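Number of protein chains: 2
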Amino acid sequence: MAFEKMIKNAFEESENNCRFGDTLEEIKEIQDYIKNAQKIYIPNKNGIKVKVLNQVLSEYNLHTAEILHINTNIADTSRIPALAKAYMALDQSDADLIIARGRLGIPGSGSLLIFIDNKGRILTCGTSPSHAIHQKPIEEAVYNEACEALEKIGFEK
Amino acid sequence: MAFEKMIKNAFEESENNCRFGDTLEEIKEIQDYIKNAQKIYIPNKNGIKVKVLNQVLSEYNLHTAEILHINTNIADTSRIPALAKAYMALDQSDADLIIARGRLGIPGSGSLLIFIDNKGRILTCGTSPSHAIHQKPIEEAVYNEACEALEKIGFEK
Numbered sequence: 404m405a406f407e408k409m410i411k412n413a414f415e416e417s418e419n420n421c422r423f424g425d426t427l428e429e430i431k432e433i434q435d436y437i438k439n440a441q442k443i444y445i446p447n448k449n450g451i452k453v454k455v456l457n458q459v460l461s462e463y464n465l466h467t468a469e470i471l472h473i474n475t476n477i478a479d480t481s482r483i484p485a486l487a488k489a490y491m492a493l494d495q496s497d498a499d500l501i502i503a504r505g506r507l508g509i510p511g512s513g514s515l516l517i518f519i520d521n522k523g524r525i526l527t528c529g530t531s532p533s534h535a536i537h538q539k540p541i542e543e544a545v546y547n548e549a550c551e552a553l554e555k556i557g558f559e560k
Numbered sequence: 404m405a406f407e408k409m410i411k412n413a414f415e416e417s418e419n420n421c422r423f424g425d426t427l428e429e430i431k432e433i434q435d436y437i438k439n440a441q442k443i444y445i446p447n448k449n450g451i452k453v454k455v456l457n458q459v460l461s462e463y464n465l466h467t468a469e470i471l472h473i474n475t476n477i478a479d480t481s482r483i484p485a486l487a488k489a490y491m492a493l494d495q496s497d498a499d500l501i502i503a504r505g506r507l508g509i510p511g512s513g514s515l516l517i518f519i520d521n522k523g524r525i526l527t528c529g530t531s532p533s534h535a536i537h538q539k540p541i542e543e544a545v546y547n548e549a550c551e552a553l554e555k556i557g558f559e560k
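Taken in sequence, the protein lines are chains A and B.
Numbering (our numbering) for the first sequence: 404 to 560.
Numbering (our numbering) for the second sequence: 404 to 560.
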């Protein structure tokens with residue numbers, strides 16, 4: 404079942420008050436999309452996040468990603484900077500899958516690592532508190548967010 | 404420093420390539436906003452989430468919230484259903500703070516519990532995998548998401 408049909412069905416359930424949470428079939432569909440994604444891009448100025456994310460993707464037997472060199476500073480004016488970065492990358496590439504990381508909301512709100520598909524739909528995410536709170540190296544924070552995002556939708560190492 | 408000034412400063416830093424993550428002052432500002440919030444609403448059809456969320460708010464010495472009875476089924480047509488519910492509640496009340504819970508993205512993507520301020524800006528969040536993955540009772544999932552959201556911005560019990 405393609406996402407389009409799944410989304411249509413889920414909304415019909417909501418509309419009729421008979422939606423009782425996500426189903427294993429829906430989760431499997433997201434997994435399959437991510438497994439089949441060939442063109443995975445990570446918008447980034449430098450390569451630090453990309454190296455860590457590719458390590459995670461390999462550990463879960465997924466295709467690795469490429470860096471998309473774009474300056475995403477402007478995304479920080481958006482209400483959800485991480486998502487704005489993801490959309491910038493989607494709109495400037497032929498990606499099947501974008502993995503973007505940035506601020507969740509206002510300054511202080513911590514970080515969000517988000518996976519979107521080729522239409523900009525949100526598939527999963529991982530989050531961290533601000534560095535000022537968790538004090539972890541950025542590599543460790545990115546690693547944990549990516550594992551959280553994949554395990555949330557049932558991937559296992 | 405009000406959020407407006409903090410957001411302006413943070414963007415100027417991003418623009419000038421001298422933003423190095425959230426600061427403790429910014430996090431403190433979010434904490435103060437949440438501590439001072441008097442009119443806290445939770446959009447919900449029934450009271451289950453509200454009871455659990457008020458338990459969490461009490462444990463962190465915050466003001467408790469009231470249920471805002473609105474039918475949020477339509478939010479499931481949105482790209483970020485949890486955020487759509489939050490905006491519905493904000494636009495139909497005089498809230499200082501809205502706490503809303505719903506789907507993160509497409510069906511299967513799990514849940515997002517989000518705190519927004521009186522302008523709709525995102526302050527913090529907590530997330531869970533779908534029930535089909537975590538198998539926890541809803542009360543436990545909501546409890547954990549709310550604690551995650553508060554601890555992420557430095558609140559302690």
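Cβ atoms here follow ideal geometry from the backbone N, Cα and C, with glycine treated the same way.
Just so we're clear, the structure is a prediction, and the values are computed from it rather than from any experiment.
Check, Outcome
"Straight-line Cα distance separating A/Lys555 from A/Cys398", "For residue 398 of chain A there is no data in the structure shown, the boundaries of chain A being 404 and 560."
"Span separating the alpha-carbon of B/Asn457 from that of B/Ala468", "6 Å"
"Any C-beta of chain B under 8 Å from that of A/Arg504", "no"
"Neighbour-count burial assignment, A/Ile533, 16 or more Cβ in a 10 Å radius", "Inspection of the sequence shows that residue 533 of chain A is occupied by Ser rather than by Ile. Result: buried."
"B/Gly450 at chain A interface by Cβ criterion, 8 Å", "no"
"Beta-carbon neighbours of B/Ala405, restricted to chain A and to distances below 9 Å", "By Cβ distance, chain A contributes nothing, its closest Cβ being about 11 Å from B/Ala405, past 9 Å."
"Through-space distance from A/Leu507 to A/Ile473, alpha-carbon basis", "19 Å"
"Amino acids of chain B, ordered along the chain, whose beta-carbon sits closer than 7 Å to that of A/Leu563", "Past the boundaries of the shown model lies residue 563 of chain A; chain A is included only from 404 to 560, so the question cannot be answered."
"Cross-strand partners of B/Cys528 (DSSP beta bridge)", "B/Ile517"
"Residue span of the alpha helix (DSSP H) that contains A/Pro540, given as start and end", "No alpha helix (DSSP H) contains A/Pro540, which DSSP labels as neither H nor E."
"Proximity of A/Thr480 and B/Ser512 at Cβ, strictly below 8 Å", "no"
"For A/Leu507, the three-state DSSP class (helix, strand or coil)", "coil"
"Residue from A/Val455, A/Pro446, A/Asn419 with nearest C-alpha to A/Asp494", "A/Pro446"
"Helix, strand or coil at A/Asn476 according to DSSP, with G and I counted as helix", "helix"
"Sub-8 Å separation of A/Ser531 and A/Ala544 beta-carbons", "yes"
"Top-ranked residue by Cα proximity to A/Ser496, from A/Lys522, A/Val455, A/Ala478, A/Ile509", "A/Lys522"
"Closest residue to A/Ile410 among B/Phe406, B/Ile509, B/Thr475 (Cα-Cα distance)", "B/Ile509"
"Three-state class that DSSP yields for A/Ile483 in the structure shown", "coil"
"8 Å Cβ cutoff met for A/Ala535 and B/Asp435", "no"
"8 Å Cβ cutoff met for A/Val455 and A/Glu542", "yes"
"Whole-angstrom distance between B/Ala413 and B/Lys442, CA atom to CA atom", "28 Å"
"Closest residue to B/Asn547 among B/Leu486, B/Ile477, B/Glu418, B/Glu462 (Cα-Cα distance)", "B/Glu462"
"Distance, B/Glu428 Cα to B/Lys452 Cα", "31 Å"
"CB contact below 8 Å: B/Pro510 versus chain A", "yes"
"Residue span of the beta strand (DSSP E) that contains B/Glu469, given as start and end", "469 to 471"
"Proximal residues of chain B, C-beta to C-beta of A/His472 below 8 Å", "Per Cβ cutoff of 8 Å: no residues; A/His472 is ~15 Å from chain B at best."
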